[in-house]
Every structure is written in C-alpha cells, then in structure tokens.
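Asker: Residue numbers (our numbering): 606 to 637.
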Amino acid sequence: MRKPLTAYLFIIGASTVFFLAISYDKVLSGAI
Numbered sequence: 606m607r608k609p610l611t612a613y614l615f616i617i618g619a620s621t622v623f624f625l626a627i628s629y630d631k632v633l634s635g636a637i
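1) Using the Cα positions of Y613 and L633, report the straight-line distance between them to the nearest angstrom.
2) Can you look up K631 in the DSSP assignment and give me helix, strand or coil?
3) What is the rounded straight-line gap between the Cα of Y629 and the Cα of T621?
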C-alpha cells in the first residue's frame, strides 16, 4: 500500500517537471 506522502511528493514532482518543461519550451520559442 502506498503512503499518502509518497503519492503527494510524486504529484509535486510531476507538476514541477511539467512546469519546467513548459518554461524551457517558452524560452526556446522566445530565443528562436
């Protein structure tokens, strides 16, 4: 059984990666 804290951290981690990917894409779009 998964601990709620583990799932919570996983969601935060995924959201952070998603946010960084969008920011990185915006930077590339702006640079080009």
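Backbone N, C-alpha and C define an ideal beta-carbon position, used for all residues, glycine too.
Answerer: Based on what the coordinates show:
1) Taking the first residue of the sequence shown as 1, we reach residue 613 at position 8. Taking the first residue of the sequence shown as 1, we reach residue 633 at position 28. The alpha-carbon atoms of Y613 and L633 are separated by roughly 30 Å.
2) For the purposes of this step, residue 631 is taken as the residue at position 26 of the sequence shown. If DSSP states are grouped into helix, strand and coil, K631 belongs with the helices.
3) Taking the first residue of the sequence shown as position 1, residue 629 is located at position 24. Taking the first residue of the sequence shown as position 1, residue 621 is located at position 16. Distance between the alpha carbons of Y629 and T621 is about 12 Å.
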